[in-house]
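Colleague:
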Amino acid sequence: PAALQVIIPALPQDFPAALVLVQHIPRGFSASLAEHLNRRSRLPVKHAVEGDPVIPGRVLVAPAGFELTFRGQPGHVTVHLDAGRGPVPPGGFRPSVDGVMLSAAEIFGARAMGVLLTGMGRDGARGMAAIREKGGPTIAQDEASCVVFGMPKAAIELGAAERVVPLDRVAGEMVRMIQQTGIS
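Just so we're aligned, residue 16 is where the sequence shown starts under the numbering used here, counting upward by one.
(1) Given residue 81, which residues of its chain have a CB within under 7 Å of its CB, disregarding the five upstream and five downstream residues?
(2) Residue 127: which of 187, 33, 53, 137 sits nearest, CA to CA?
(3) Could you check the C-alpha separation between residue 58 and residue 67 for me, to the nearest Å?
(4) Short of 6 Å in beta carbon distance, which residues of its chain neighbour residue 129, apart from the five on each side in sequence? Order them along the chain.
(5) What three-state label does DSSP hand residue 182 in the structure shown?
(6) Taking its Cβ as the centre, do 16 or more other Cβ atoms sit within 10 Å of residue 105, making it buried, or is it exposed?
(7) How should residue 92 be labelled, buried or exposed, when 16 other C-beta atoms within 10 angstroms of its C-beta is the threshold for buried?
(8) How is residue 147 classed by DSSP in three states: helix, strand or coil?
(9) Can you check DSSP and say which residues form a bridge with residue 61?
(10) Which ranges does the alpha helix (DSSP H) cover as unbroken runs of at least 4 residues, wholly within the stretch 83-143, from first to last along the chain?
(11) Per DSSP, residue 154 is paired with what?
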């Protein structure tokens, strides 16, 4: 996940919002991803577990093989993990970016932000559209800096991306949009 290795270390230590990272990777790799990012980040990065509080200034990595959603109301939101029943359907992912973003839109409304980076397929486009419909800011990585433009392209085509920026500007744009909208 080269894109995350650019963005996460670039975020300031006083980043005022919670982050939840969703990566399409096999079971067993998300914990090492969290450890790897934690060593390079000014923010604490943790592999998410059931009931983890979603708090500003901390990064949670969604565990591979589980659907991650949010429970509670702003001010006291926790992570809920579900292993699902049976195998993941063809073309589906667990966790899915759409699932996480749809849950964020429902729980946080305009205080949710969606960021969609390089990746194959359309996962995340619907969820990002839901965040934008609730008034939350959204960012998609531009085509020139993507390894695979599928996921950001799907969001852009859906009208879900408020901003489209190169990878090296995503962290700065996140900070700017959070300051502009007052998300925390």
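Yeah, the Cβ is synthetic: ideal placement off N, Cα and C, and Gly gets one too.
Everything numeric in this text was worked out from a predicted model, so none of it was measured.
Modeller: Checking against the coordinates, here is how it stands:
(1) Closer than 7 Å at the Cβ level, and outside the excluded window around residue 81, lie 96, 97, 98, 109, 110.
(2) 33
(3) 16 Å
(4) Result list for residue 129: 116, 143, 146, 153, in chain order.
(5) Three-state DSSP puts residue 182 in a helix.
(6) Per the 10 Å Cβ criterion, exposed.
(7) buried
(8) helix
(9) 75
(10) 112-123
(11) 130, 178
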